[in-house]
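The structure under discussion appears below in the form of C-alpha cells.
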Amino acid sequence: MFNKYIKIAIAVAILAWSVYEFTLKHIGNGISLILLAGIFVFFYFKNEFLLLAFLRLRKQDFPGAEKWLNYIKNPSSALVKKQEGYYNFLHGLIVSQTNLTQAEKYFKRALNLGLSMSHDRAMATLQLAGLAMAKR
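In our numbering, each residue's number is its place in the sequence shown (first place is 1) plus 1195.
This is the structure:
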C-alpha cells in the first residue's frame, strides 16, 4: 500500500495530532488517534499484502496468494528485510508448483534475507532439498 517510510511518517503525524487533541482536552479523540497510529506501526512490521497472501495460502488458493503478492511492486523498498525474506519464501512456494529452478532461486534468497520463525527456515531448507532431489 505505502512505502515503509511513509507508514512511519503517517504514524508520527497521527501521533502528533493525538497530542494536540489531548492538549485541547479531547481525550476520546486522542485515544482513538493513538490506536489509529498503532495500526500504521503494525503494518510497518507486518505488511498487509503478505498477511493476505498467507491467508490465501492457508486455504490452498495459490492464484489468490500470487495476486496479493503481485501488488507489491518493489519489495526491496516497500518491505523490511525479514518481510522481503517472507515475500521470496511465498513466491518460492507458489512457483514451486510450476518452475523448480525459479523456486530454488526464491528459496535461497529467502534464506539469505532471513526468516524469523525456525519452522519456516526448516521448510525452506526442506523445499531446497526436495528441489535438489527432483533435479537429479
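Heads up, the beta-carbon is just placed ideally off N, CA and C, and yes, glycines get one too. Here the structure is a predicted model, which means the values were calculated and not measured.
Among the residues of its own chain, which have a CB less than 8 angstroms from the CB of residue i, if the five just before and after it don't count?
i, result
"K1277", "L1308, G1309, L1310, S1311"
"E1303", "In the sequence as presented, Glu is not what sits at residue 1303; that position holds Lys. Contacts found: L1323."
With DSSP run on the structure shown, which of helix, strand or coil describes residue i?
i, result
"Y1251", "The identity of residue 1251 in the sequence shown is Arg, whereas the question assumes Tyr. Helix at R1251."
"L1219", "coil"
"N1198", "coil"
"I1241", "Contrary to the premise, residue 1241 reads as Lys rather than Ile in this sequence. Coil, per DSSP."
"R1331", "coil"
Relative to the C-alpha of residue i, which residue among the options is closest?
i, options, result
"Q1292", "K1303, N1269, E1261", "E1261"
"F1284", "D1315, F1197, S1227, G1225", "D1315"
"A1206", "F1249, L1306, F1238, M1318", "F1238"
"I1203", "V1275, W1263, N1265", "V1275"
"A1273", "I1234, E1299, K1241, G1225", "K1241"
"Y1266", "I1229, S1227, A1248", "A1248"
Excluding the 5 residues preceding and the 5 following residue i in the sequence, name in chain order all residues of the same chain whose CB lies nearer than 7 angstroms to its CB.
i, result
"E1279", "P1270, S1271, L1308"
"I1289", "F1257, A1260, E1261"
Any C-beta of chain C sitting closer than 8 angstroms to the C-beta of residue i?
i, result
"Y1200", "Included in the structure is just one protein chain, with no chain C present."
| message | As an exercise, report each continuous alpha helix (DSSP H) stretch of at least 4 residues that is fully enclosed by the segment 1256-1311, in chain order. | response | 1257-1265, 1270-1273, 1276-1290, 1295-1308
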